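Below you'll find the structure, written out as structure tokens, and then a few comments.
2 protein chains.
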Amino acid sequence: MIDPRLSINQATIKYADLKTALSVTAQAGVEAIGLWREPVQEVGLATAASMLTDSGLRFTTHCRSGFFTMPESPQRRASIADNLVAIEEAATLAAAGADGSTAVLVLVAGGLPDGSRDIVGARERVRDAIGELAPHASAAGVTLAIEPLHPMFASDRCVISTLGQALDIASDFDPATVGAAVDTFHIFWDPDVLDSIARAGSEGRIATYQVCDWNTPLPADVLLSRHYPGDGVIDFESLTRAVIATGYHRDIEVEIFNKEIWHTDPLIAVQRTAAAFAAAVSPHLTPISTEQSHA
Amino acid sequence: MIDPRLSINQATIKYADLKTALSVTAQAGVEAIGLWREPVQEVGLATAASMLTDSGLRFTTHCRSGFFTMPESPQRRASIADNLVAIEEAATLAAAGADGSTAVLVLVAGGLPDGSRDIVGARERVRDAIGELAPHASAAGVTLAIEPLHPMFASDRCVISTLGQALDIASDFDPATVGAAVDTFHIFWDPDVLDSIARAGSEGRIATYQVCDWNTPLPADVLLSRHYPGDGVIDFESLTRAVIATGYHRDIEVEIFNKEIWHTDPLIAVQRTAAAFAAAVSPHLTPISTEQSHA
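Those sequence lines, one after another, are chains A and B. Heads up, the first sequence is in the numbering used here, so the first residue is 1 and it goes up one at a time. Heads up, the second sequence is in the numbering used here, so the first residue is 296 and it goes up one at a time.
This is the structure in structure tokens:
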């Protein structure tokens, strides 16, 4: 059985073009998909939107923009401009997705600028950039999802390392416009993770819930260390129940960067993802009944 | 100039035996050393203590024990017993070191037990183990230093990932008996790091301050990704000033796991460490004068 709340993030089948990604996802019986900018831009936004509509899939997130930790400069202006394009893409794709689609744009903050050791300053510039983007996101009906990345990426990819930190930045803005991405891989280690999820829910900030697993040893490229849910050490029960307890009722993405999975036939990778999700995540999507909770 | 507060952690020159480690450290003009259990046990504790006395060096930490996240079992009993041995070693070596030596035993909690996904339970068992060890440490005059390790080690090496979390556990105990290791590599990314250092100081919990640098890309074995201070992205100024502002007045260790440095001649590695420390850390060891602070 395919869980009706499962969404395949396109990164899980990175080597599939947009057409293939849409068709294998639908063929596997999955109802929703999260897209990446590059394969969308490869065919053009209008074509991508119409392909998405034809697929009948819901659209869950647009991945990803951000990367705005640099000081004021033409490079920073280019980043802001590119983020504005990403906001328009997210709005267009959400309108083209099946009913229940969400216009969520995932933001990865970026690492320390070259030669800089000022992580505090870099974090302030993330807040500033989101302040610039928020009115545009609001006008477009897009929710910006600040994604905290695992601290092993703090210096070179994302200076936002915890869900609490993402929420602190989001708190300056309307929850409909700025929320957070809750990704099990990045935050499972956090001693405050359950409290932070509860806080994110009570503040209306869970823009997307994404699941994949963590295991060791880490591969040489730690970026590719994500696994099918169940193939690692993450406790999906406590994390998923915490998310569901907040009232989160939308789709749940599986986003896996893993060389071996990327070299799997994409239909098979989607089917395996669906099976892993059904085993590791689905059992925790319904509120615990009184009987079970006393078991 | 060799900073009089510099201590060489023996792991920085891992391939040197105890005799060599002591002699090259003293020969370089460094006044203090942190030792590891294996090279001490290789010569025997009594011999190691007398070699340490002969070296004239201060002793700063004993590294390391811990690894007690497993449930009650003969394996857990063996771990507790081994930790008791480590406490005695730390006390003996501190007594053998030059004046100003500290009896500090560094504790690395351990990762998830095989097959477990219960990181919350593993953390509770760390607290329990320290509760068992604390009376023995107190009797021996040894301070147990809970070392938070970078979250990339949370599953396989240390379930204690932040300084705040280490302090929460330590708070059950007398600060003379249980403190925390403040290691820049492990905590620089933490958005709460400066507050946590201030808290650690005000609670009297900074058992040792250790410095080394973080850089990317990470090597295939992320355990070996530590660098000379200044060779990475860590802001030693803000971290060191925060530690010094708490009144921390003891030695500061440089502990580097790095294959290239391990393959350097140990005297040269110690000299390079001393030069790196002088450039990246020493300038931040004195309180800022009024004039400087207004500059």
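Glycine included, C-beta positions come from ideal geometry on N, C-alpha and C. Please read all numbers here as calculations on a predicted model, not as lab measurements.
From which residue to which residue does the beta strand (DSSP E) around residue i run?
i: D145 of chain A; result: According to the sequence displayed, residue 145 of chain A carries Ala and not Asp. Segment 143-146, the beta strand (DSSP E) holding A145 of chain A.
i: N9 of chain A; result: 6-9
i: S65 of chain A; result: 58-66
i: V108 of chain A; result: 104-108
Kindly list, in the order they appear in chain A, the residues whose Cβ is closer than 7 Å to that of residue i.
i: L407 of chain B; result: V233
i: D413 of chain B; result: D235
Under the assumption that residue i contacts residue j (Cβ atoms under 8 Å), give the Cβ distance between them as a whole number of angstroms.
i: T92 of chain A; j: A49 of chain A; result: 5 Å
i: F468 of chain B; j: W509 of chain B; result: The pair is not a contact, with the Cβ atoms about 30 Å apart (cut-off 8 Å).
i: I33 of chain A; j: T60 of chain A; result: 7 Å
i: I206 of chain A; j: G179 of chain A; result: 6 Å
i: R452 of chain B; j: L444 of chain B; result: 6 Å
i: N9 of chain A; j: V254 of chain A; result: 6 Å
i: L519 of chain B; j: K554 of chain B; result: 5 Å
i: I297 of chain B; j: G324 of chain B; result: 4 Å
i: I482 of chain B; j: T307 of chain B; result: Not confirmed; about 19 Å, so no contact.
i: H499 of chain B; j: P470 of chain B; result: Looking at the sequence shown, residue 499 of chain B is not His but Gly. Indeed they touch by this definition, with Cβ atoms about 4 Å apart.
Tell whether a beta-carbon distance below 7 Å holds between residue i and residue j.
i: G406 of chain B; j: S450 of chain B; result: yes
i: R5 of chain A; j: I252 of chain A; result: yes
i: A181 of chain A; j: E147 of chain A; result: yes
i: F236 of chain A; j: V281 of chain A; result: yes
i: P135 of chain A; j: T69 of chain A; result: no
i: A276 of chain A; j: P229 of chain A; result: yes
i: I80 of chain A; j: L105 of chain A; result: no
i: A385 of chain B; j: H357 of chain B; result: yes
i: Y310 of chain B; j: W557 of chain B; result: yes
i: T541 of chain B; j: H579 of chain B; result: no
i: P561 of chain B; j: T315 of chain B; result: yes
i: R58 of chain A; j: A26 of chain A; result: no
i: V421 of chain B; j: A435 of chain B; result: no
i: A515 of chain B; j: A220 of chain A; result: yes
i: D192 of chain A; j: Q210 of chain A; result: no
i: P597 of chain B; j: P74 of chain A; result: The structure shown does not extend to residue 597 of chain B, since chain B is modelled only from 296 through 590, so no value can be given for it.
i: T472 of chain B; j: A432 of chain B; result: yes
i: V454 of chain B; j: A495 of chain B; result: no
i: L107 of chain A; j: G66 of chain A; result: yes
Give the interface partners of residue i over in chain B, defined as CB-CB distance under 8 Å, in chain order.
i: W214 of chain A; result: S450
i: H150 of chain A; result: P446, M447
Tell me the DSSP bridge mates of residue i?
i: C212 of chain A; result: None; C212 of chain A has no bridge partner.
i: I547 of chain B; result: B:L301, B:Y504
i: I328 of chain B; result: B:I303, B:F354
i: R226 of chain A; result: A:W214
i: D183 of chain A; result: A:Q210
i: V178 of chain A; result: A:L144
List the endpoints of the continuous alpha helix (DSSP H) containing residue i.
i: V43 of chain A; result: 37-43
i: A154 of chain A; result: It is not in any alpha helix (DSSP H) - A154 of chain A carries neither H nor E in the DSSP assignment.
i: V488 of chain B; result: 488-497
i: E367 of chain B; result: First-last for E367 of chain B: undefined, no H or E at that position.
i: I556 of chain B; result: 554-557
i: T20 of chain A; result: 18-27
i: I13 of chain A; result: Counting along the chain, I13 of chain A falls outside any alpha helix (DSSP H), and DSSP gives it neither H nor E.
i: G542 of chain B; result: That residue, G542 of chain B, is in no alpha helix (DSSP H); it is neither H nor E in DSSP.
i: I169 of chain A; result: 163-170
i: I529 of chain B; result: Unbroken run through I529 of chain B: none, as it is neither H nor E.
i: F483 of chain B; result: Note, F483 of chain B: premise wrong, no alpha helix (DSSP H); not H, not E.
i: L562 of chain B; result: 561-575
Listing by chain order, which chain B residues have their CB less than 9 Å from the CB of residue i?
i: V85 of chain A; result: Ordered by position in chain B, no residue passes the 9 Å Cβ test against V85 of chain A, which lies about 28 Å from the chain.
i: Q165 of chain A; result: P486, D487
Would you mind telling me which residues of chain A sit closer than 8 Å to residue i, beta carbon to beta carbon, in chain order?
i: V517 of chain B; result: M152, L218, V222
Taking C-beta pairs closer than 7 Å, name the residues in chain B that residue i reaches, listed in chain order.
i: S161 of chain A; result: W484, P486
For the ligand SAH, is there a heavy atom less than 6 Å away from the beta-carbon of residue i?
i: S396 of chain B; result: Looking for the ligand SAH in the displayed structure turns up nothing, as the structure carries no ligands at all.
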